[in-house]
Amino acid sequence: MEKDYRVLVFGKPGCDKCKVLNQRLDQLLAQPEGLPFEKVYHDLTTRDGLVAFSNAECVNPQQVPALMVTRRNPSTGRFQPVMTRTPGHADPVCRRSRLYQYVGLQTDYTGEGRGVLTPKMISKVLQEALES
76 MEKDYRVLVF GKPGCDKCKV LNQRLDQLLA QPEGLPFEKV YHDLTTRDGL
126 VAFSNAECVN PQQVPALMVT RRNPSTGRFQ PVMTRTPGHA DPVCRRSRLY
176 QYVGLQTDYT GEGRGVLTPK MISKVLQEAL ES
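Residue numbers for the sequence shown, in my numbering: 76 to 207.
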C-alpha cells in the first residue's frame, strides 16, 4: 500500500554524504512504529532526477544531498510539497540546513553545518511534516 507521505531525496552516485543520508533515512523509516513515509531517491545525474530536482524549486544545487517531504492530496491523489508552518523561523536543531518554504533539509557546508545532516535533523523534519 502506498504511503501518504513521500520523502524525496536528491543525490548523486559516488557521493558519500548522499549514501549516509539514504542510510539514516532508511533506518528511521524501518522503525517498528510504522511511519507513513516512503522514500523516493532522485539521482541528479539522470534526466528524471534533474526534472524532479527542478520541480522541487527550493533546494540549492550546491547543497546536495537534500530531502523534501511531500504529502498525497486526498482529492487528486498527487503528491505536493508540505509547506513549513514557520518560514524563516530559527530552528535550533536543523539550523541553516532547513528549507525555507517547504519541509525538508539541504546540506549546509559552512563551518556551522559541517556538511552533516544528522538523524536528529531528519527526525525533526519528519515530525514537522506529520504535524503540518
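Don't be surprised by glycine CBs; every beta carbon is placed ideally from N, CA and C.
No experiment lies behind these values; they were computed from the predicted model shown.
Query - Residue(s) in a DSSP beta bridge with E187 - result: Taking the first residue of the sequence shown as position 1, residue 187 is located at position 112. Partner(s): none; E187 has no beta bridge.
Requested in this report: Kindly give me the distance between the Cβ atoms of F85 and V134, rounded to whole angstroms, as I take these residues to be in contact under 8 Å.
Outcome: Reading the sequence shown from its first residue, position 10 is the one you call residue 85. Reading the sequence shown from its first residue, position 59 is the one you call residue 134. F85 to V134, Cβ: 6 Å. Contact.
Query raised in the report: Which same chain residues, not among the five before or five after L142, have their C-beta less than 6 Å away from its C-beta?
Result: Locating residue 142 in the sequence shown gives position 67, where the first residue counts as 1. Take L142, set aside five residues on each side of it, and the residues of its chain with a beta-carbon closer than 6 Å to its own are V82, V84, G179, L180, in chain order.
Query raised in the report: Do the CB positions of L104 and K114 come within less than 8 Å of each other?
Result: If you number the sequence shown from 1, residue 104 lands on position 29. If you number the sequence shown from 1, residue 114 lands on position 39. A contact, by the Cβ cut-off of 8 Å.
Report task. Pull up the distance between the alpha-carbon of T121 and that of K195, whole angstroms please. Result -> Position 46 of the sequence shown, counting from 1, holds the residue named residue 121. Position 120 of the sequence shown, counting from 1, holds the residue named residue 195. Cα to Cα, the separation comes out at about 30 Å.
Query raised in the report: V139: buried (16+ other C-beta within 10 angstroms of its C-beta) or exposed?
Result: The residue you call residue 139 lines up with position 64 of the sequence shown. Label assigned to V139: buried.
Query raised in the report: Taking C-beta to C-beta, are L110 and L201 nearer than 8 Å?
Result: Translated into the one-based positions of the sequence shown, residue 110 becomes position 35. Translated into the one-based positions of the sequence shown, residue 201 becomes position 126. Going by C-beta atoms, L110 is nearer than 8 Å to L201.
**Report entry** Minimum C-alpha distance to P136 - residue among D118, T193, G152, N148
**Finding:** In the sequence shown, the residue the question calls residue 136 occupies position 61. Per the Cα distances, D118.
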